[in-house]
Amino acid sequence: MSIVRVALDVPLPRLFDYQADEVAESDIGCRARVPFGSGRKLGLIVAVAAASDQPTEKLKPADAILRDMPPLPADWLALCDFCSRYYQHPLGQVMAFALPPLLRRGKLPRPRKVSGGGTPAAKSLPALLPEQQVAVQAIHASGGFAAFLLHGVTGSGKTEVYLRAIDAVLATGKQALMLVPEIALTPQLEQRVSERFPTACIVAAHSGVPDAARARGFLDALAGRADIVLGTRLSVFMPLPRLGLIVVDEEHDASFKQQEGLRYSARDVAVLRAKQLDVPIVLGSATPALETFHHAISGRYRLLELRHRAVAEAPPVVRMVDTRKEKLQDGMSAALLDALATRLARGEQSLVFLNRRGYAPVLACPACGWISRCQRCAANRVVHLADKRLRCHHCGLEAGIPRACPDCGNQDIHPFGRGTQRLEAALGERFPQARVLRIDRDSASTPKRWQALLAAIHAGEADILIGTQMLAKGHDFPRLTLVGVVGADAALFAADFRAPERLFAQLMQVGGRSGRHDLPGEVLIQTEHPAHPLYRALAEHDYAAFARAQLDERRAAGFPPFSFQALLSAEAPEIGDALAYLAAARAAAVPLADAQVSLYDPVPMRLFRLKNRERAQLLVESTSRPALQALLAAWSERLRALKAPRELRWHLDVDPLEF
Ligand code: ADP
Ligand code: ZN
Ligand code: ZN
42 MSIVRVALDV PLPRLFDYQA DEVAESDIGC RARVPFGSGR KLGLIVAVAA
92 ASDQPTEKLK PADAILRDMP PLPADWLALC DFCSRYYQHP LGQVMAFALP
142 PLLRRGKLPR PRKVSGGGTP AAKSLPALLP EQQVAVQAIH ASGGFAAFLL
192 HGVTGSGKTE VYLRAIDAVL ATGKQALMLV PEIALTPQLE QRVSERFPTA
242 CIVAAHSGVP DAARARGFLD ALAGRADIVL GTRLSVFMPL PRLGLIVVDE
292 EHDASFKQQE GLRYSARDVA VLRAKQLDVP IVLGSATPAL ETFHHAISGR
342 YRLLELRHRA VAEAPPVVRM VDTRKEKLQD GMSAALLDAL ATRLARGEQS
392 LVFLNRRGYA PVLACPACGW ISRCQRCAAN RVVHLADKRL RCHHCGLEAG
442 IPRACPDCGN QDIHPFGRGT QRLEAALGER FPQARVLRID RDSASTPKRW
492 QALLAAIHAG EADILIGTQM LAKGHDFPRL TLVGVVGADA ALFAADFRAP
542 ERLFAQLMQV GGRSGRHDLP GEVLIQTEHP AHPLYRALAE HDYAAFARAQ
592 LDERRAAGFP PFSFQALLSA EAPEIGDALA YLAAARAAAV PLADAQVSLY
642 DPVPMRLFRL KNRERAQLLV ESTSRPALQA LLAAWSERLR ALKAPRELRW
692 HLDVDPLEF
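For what it's worth, our numbering labels the leading residue of the sequence shown as 42, then goes sequentially.
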């Protein structure tokens with residue numbers, strides 16, 4: 042009689058032992074069907090042992106060991122184990138998350154019809170530019186783990202470097218994993234990869250892949266059939282027995298961090314995985330995360346730079362428009378309106394970037410002070426004139442727009458501030474001859490509508506685009522020559538210490554939409570702070586100057602990457618309960634924390650009420666990652682044992698990005 046130790050998808054940080062006949066070490070990594078409570082569960086065998094801590098006769102026997110797919114390899118189990126410890130998440134839940142739903146339920150997808158291998162198209166590749174050559178060589182020569190930061194603006198030929206590096210790895214019979222942000226995984230990229238590797242088995246993995254295909258892709262990867270896995274953050278958990286290279290494109294992108302359940306950073310896990318397997322990893326970006334850039338300039342990562350665009354074209358000219366000196370018209374300066382008129386006359390496209398959807402952020406009564414608050418959140422409901430609703434952007438609560446003030450009956454109530462819909466209306470009035478197209482989550486609410494909008498832009502059916510950050514990434518509009526930025530100043534002075542980093546990346550990206558081809562591009566930034574270093578660095582296309590200045594500020598303030606953080610959040614119907622839980626949690630941490638760890642006071646979150654639940658948080662910080670990790674391991678056990686009202690929920694976020 043042996044014992045199998047099984048990881049189950051339950052919110053408990055432990056494994057479960059069962060009796061089993063005829064099991065061997067080779068069954069580690071197989072799924073097992075076991076009795077649990079009054080039902081049955083499917084789990085993963087993580088160990089086979091001769092004896093348990095509990096008396097064997099007290100253990101229930103496992104129902105079945107499923108050997109219908111290859112066992113998950115030891116390095117995959119080790120990766121899940123690392124994530125479980127590092128992110129303080131039960132191992133069984135990490136594994137359940139990493140497995141495709143079909144396999145988690147014990148099913149196998151029907152095998153795919155095998156299509157005949159195509160013949161490699163003998164396409165001639167462009168000769169690499171010198172800097173690309175250096176990069177490809179360095180990656181190829183790494184001979185084991187090395188982390189590279191490939192820093193280069195859009196169009197500098199980063200993707201070409203990835204493809205060459207992947208080519209070299211495939212040639213040695215190994216697999217490559219390429220991670221991209223959700224929104225960047227366009228059919229164009231998939232096509233570019235499959236055209237380059239026509240005989241390779243390529244597995245795409247993202248939220249749009251149906252369950253059966255996802256399970257098939259996972260099995261292809263596990264069996265070593267897949268040569269390339271191209272996917273979003275979840276693909277970092279693909280089992281790849283012959284993995285030889287990892288690429289993370291747009292590595293700074295916030296979508297690599299999951300904000301619920303297992304709050305992991307796919308980029309960080311990818312680096313760990315590369316180290317674990319002793320293979321190189323390439324992190325690419327035009328605006329690297331400051332953590333990554335810090336590693337690159339301090340020598341932990343190797344910096345590879347592409348300073349020039351691959352296709353000869355000048356970067357756009359970036360100018361600040363000082364809005365302190367003039368009265369704006371519908372939020373727009375004379376300089377911006379003139380520039381728009383010029384593009385219209387020339388038949389070129391313009392984009393006005395305003396990262397706030399809706400018509401106006403609030404409706405208010407000047408007579409009594411009523412404003413359109415959300416009853417469920419600590420936020421205002423936004424005026425949506427397109428469908429005549431007041432809508433909360435946090436919880437979705439909506440209602441019609443009142444004709445008069447609900448409190449005092451005053452009929453003279455107004456929208457205040459400006460969103461994309463209001464800008465759309467204003468531009469339509471000012472340029473009646475122009476075709477104005479608004480692109481935000483409201484107008485592009487489904488993938489189909491989004492594709493239709495993109496098609497219209499490409500077909501030249503729009504003169505002026507108004508867009509939120511949806512439009513910033515990855516799109517190439519040949520006739521777009523002007524980008525106007527409106528309302529960006531707020532992010533300069535936001536409470537979140539990462540706000541400037543995000544703003545810089547966003548503006549760099551949106552500015553890069555202009556002048557991508559033979560037509561020169563121009564970016565106009567309306568601001569009351571034209572001399573701000575962030576804007577100056579942007580105008581000079583100098584990411585490094587911006588990053589170094591930010592890192593100096595972070596060092597002085599003791600913020601990441603010069604410290605490591607974890608955030609304990611609690612939510613309950615009453616803020617008092619959330620704060621009381623955090624106070625008790627803090628008290629429990631005090632005896633566990635060594636001198637290198639700082640425990641802050643519990644505070645209400647900025648959006649302290651969301652969907653009728655009130656939220657507070659407690660920040661823990663240390664200059665030593667091991668010291669922080671040691672505290673978290675001991676602390677999370679205590680947290681589970683703390684008394685709390687039944688409706689209270691809490692979670693721990695390690696290396697949080699959002700506060
Ligand atoms: P990035 O990923 O940095 O945006 P890409 O690799 O997509 O850059 O390259 C931008 C454009 O330049 C693409 O059209 C690509 O085909 C082209 N390109 C890249 N490298 C070269 C090269 N060495 N010679 C000629 N064209 C190149
Ligand atoms: Zn009123
Ligand atoms: Zn709300």
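The beta carbon of each residue, even a glycine, is placed where N, CA and C say it ideally should be.
(request) Would you mind sorting proline 251 into buried or exposed? The rule is 16 or more other CB atoms within 10 Å of its CB. (result) Exposed is the call here.
(message) In this structure, how does DSSP classify valine 221 when only helix, strand and coil are distinguished?
(response) For valine 221, the three-state secondary structure derived from DSSP is coil.
(request) Starting from glycine 658, trace the beta strand (DSSP E) both ways and give me its first and last residue. (result) Note that residue 658 corresponds to glutamine in the displayed sequence, not to glycine. Counting along the chain, the beta strand (DSSP E) containing glutamine 658 begins and ends at 654-663.
(request) Give the secondary structure of tryptophan 411 by DSSP, where H, G and I count as helix, E and B as strand, and everything else as coil. (result) In the three-state scheme derived from DSSP, where H, G and I count as helix and E and B as strand, tryptophan 411 is classed as coil.
(message) Three or more C-beta pairs under 8 Å: does that hold for the stretch 242-262 against the stretch 276-289?
(response) yes
(message) Is it buried or exposed, proline 112, if we count other Cβ atoms within 10 angstroms and call 16 or more buried?
(response) buried
(message) I'd like the span of the beta strand (DSSP E) that includes leucine 166, first residue to last.
(response) Per DSSP, leucine 166 belongs to no beta strand (DSSP E) and is neither H nor E.
(message) On the DSSP letters alone, give me the boundaries of the alpha helix (DSSP H) that glutamate 346 sits inside.
(response) Element bounds for glutamate 346: not the alpha helix (DSSP H) but the beta strand (DSSP E), 343-347.
(message) Measuring only from the beta carbon, is alanine 139 closer than 7 Å to any heavy atom that is part of ligand 5?
(response) This structure lacks ligand 5; its bound ligands are ligand 1, ligand 2 and ligand 3.
(request) Please report how far the alpha carbon of leucine 651 lies from the alpha carbon of serine 93, in whole angstroms. (result) 45 Å
(request) Say yes only if the C-beta of aspartate 453 is nearer than 7 Å to one or more non-hydrogen atoms of ligand 2, and no if none qualify. (result) Aspartate 453: no, Cβ never under 7 Å from ligand 2.
(message) Taking the alpha helix (DSSP H) that tyrosine 576 belongs to, which residues open and close that run?
(response) 574-580
(request) Reducing DSSP to helix, strand and coil, say where valine 320 ends up. (result) coil
(request) In the DSSP assignment, find the alpha helix (DSSP H) that holds tyrosine 19 and state where it starts and stops. (result) Because residue 19 is not part of the residues shown, which for the chain are 42 to 700, the question remains open.
(message) Using the three-state DSSP reduction, which class does proline 456 fall into: helix, strand or coil?
(response) In this structure, DSSP gives proline 456 an extended state, which the three-state scheme calls strand.
(request) Using only alpha-carbon positions, find the residue among Gln416, Leu544, Val135, Ala139 that is nearest to phenylalanine 534. (result) Nearest option by C-alpha distance: Leu544.
(message) Let me check understanding here. Comparing Cα to Cα, which of Ala119, Ala90, Asp290, Lys101 lies closest to leucine 78?
(response) Inspection of the sequence shows that residue 78 is occupied by glycine rather than by leucine. If we check each option's Cα against that of glycine 78, Lys101 comes out closest.
(request) Closer than 6 Å by C-beta to glycine 157: which residues in its own chain qualify, once you throw out the five before and the five after it? Chain order, please. (result) Note that glycine 157 scores 46 on pLDDT, short of 50, meaning its location in the model is unreliable and no value can be drawn from it.
(request) With a threshold of 16 other CB atoms inside 10 Å of the CB of glutamine 416, please say whether the residue is buried or exposed. (result) exposed
(message) Less than 8 Å between the beta carbons of aspartate 537 and leucine 608, yes or no?
(response) no
(request) Measure the alpha-carbon distance for arginine 476 versus threonine 522 and round it to whole angstroms. (result) 16 Å
(request) Report the three-state DSSP secondary structure of methionine 361 (helix, strand or coil). (result) In the three-state reduction of the DSSP assignment, methionine 361 falls in the strand class, which pools E and B.
(request) Can you tell me which of the three DSSP states tyrosine 59 falls into? (result) strand
(request) Have a look at the DSSP bridge pairing and note the partners of aspartate 68. (result) DSSP lists no partner for aspartate 68.
(message) For isoleucine 243, list the residues DSSP reports as bridge partners.
(response) For isoleucine 243, which the question treats as bridged, DSSP gives the partners Ile269.
(request) Say yes only if the C-beta of leucine 170 is nearer than 7 Å to one or more non-hydrogen atoms of ligand 1, and no if none qualify. (result) yes
(request) Give me the Cβ distance between tyrosine 400 and phenylalanine 189, rounded to the nearest whole Å; I'm assuming they're in contact under 8 Å. (result) 46 Å between Cβ atoms; not a contact.
(request) Starting from the C-beta of phenylalanine 57, find all residues in its chain whose C-beta is less than 6 Å away, skip the five residues before and the five after it, and write them out in chain order. (result) Val47, Leu49
(message) Using C-beta distances below 7 Å, list every residue in its chain close to proline 447, excluding the 5 sequence neighbours before and after it, in chain order.
(response) So the list reads Trp411, once near-sequence residues are dropped.
(message) Excluding the 5 residues flanking phenylalanine 472 on each side, which residues of the same chain have their C-beta closer than 8 Å to its C-beta?
(response) Leu381, Ala382, Leu385, Asp504, Ile505
(request) Find out if the Cβ-Cβ distance for the pair glutamate 389, arginine 520 is shorter than 8 Å. (result) In terms of Cβ geometry, glutamate 389 and arginine 520 form a close pair [threshold 8 Å].
(message) With H, G and I counted as helix, E and B as strand and the rest as coil, what does DSSP make of glycine 469?
(response) helix
(request) Along the alpha helix (DSSP H) that carries glutamine 17, what are the first and last residues, could you check? (result) Since the first and last residues shown for the chain are 42 and 700, residue 17 lies out of range.
(message) At the level of alpha carbons, what is the spacing between alanine 624 and leucine 324?
(response) 39 Å
(request) Find out if the Cβ-Cβ distance for the pair arginine 422, cysteine 433 is shorter than 8 Å. (result) yes
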